[in-house]
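*Asks:*
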Amino acid sequence: MTPRVKTLLAGMALGLSFSTTPLDAKEWSGTIGEPLRDSSAQALQLVDHLRGIGARFFGAWTCPACFRQMNLFGKQAGAEMPYVECRKPETLPTQAEACREAGIRAYPTWVLSDGQRREGVQSLEALSTWTGLR
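Residue numbers (numbering that gives the first Met the number 0): 0 to 133.
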């Protein structure tokens, strides 16, 4: 386990509010953390599909399961993820409001444009099937 991951996990366990964001990372990585591995072709195809159908991944920077979910997609796909951060209302008020409007009560939660939802970490295969990619 890298020192960065150890620090992130320790901070989550203590409930500390700090960012492990690399300086060049996109906004989402300031929330649940940058994925640790590169994306597979399957993950890249799936994230394109998810964006195309208006799916959204609601999560929280304090949520270890959200970090696991993002890691299934990897770095490149994660940077394109339709991710909504629910637990930073002061810094991301529009996203926090979207979570309230969607009635999010568990993390991670996936919501499709037609209102269908799934809670908990979903495999790439499960998301592909559920969203009609395969």
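C-beta atoms are modelled at their ideal positions from N, C-alpha and C, and glycine is treated no differently. Model, not experiment: these values are computed from the prediction.
#1: Kindly confirm or deny that the segment 105–114 and the segment 53–62 touch, where touching means at least three C-beta pairs closer than 8 Å.
#2: Just how far apart, CA to CA, sit Lys87 and Ile31?
#3: If you draw a straight line from the C-alpha of Ala42 to the C-alpha of Glu89, how long is it?
#4: I need the boundaries of the beta strand (DSSP E) containing Gly58, first residue and last residue.
#5: Given a cut-off of 9 Å on the beta-carbon distance, is the pair Arg117 and Asn70 in contact?
#6: On a Cα-Cα basis, can you pick out the residue from Phe72, Ala95, Glu100 and Tyr82 that is closest to Ala125?
#7: Helix or strand or just coil, what does DSSP make of Leu8?
#8: Is the CB-CB distance between Leu45 and Ala76 below 9 Å?
*Replies:* According to the structure shown:
#1: Proximity of the segment 105–114 to the segment 53–62 meets the contact definition, three or more beta-carbon pairs being nearer than 8 Å.
#2: Rounded to whole angstroms, Lys87 and Ile31 show a C-alpha spacing of 11 Å.
#3: Each residue's alpha carbon lies about 31 Å from the other.
#4: Residues Arg55 to Gly58.
#5: At the C-beta level, Arg117 and Asn70 stay beyond 9 Å of one another.
#6: Taking the Cα of Ala125 as reference, the smallest distance to any Cα among Phe72, Ala95, Glu100 and Tyr82 is reached at Phe72.
#7: Here Leu8 scores only 43 on pLDDT, less than 50, and its place in the model is too uncertain to base an answer on.
#8: In this structure, Ala76 lies closer than 9 Å to Leu45 by Cβ.
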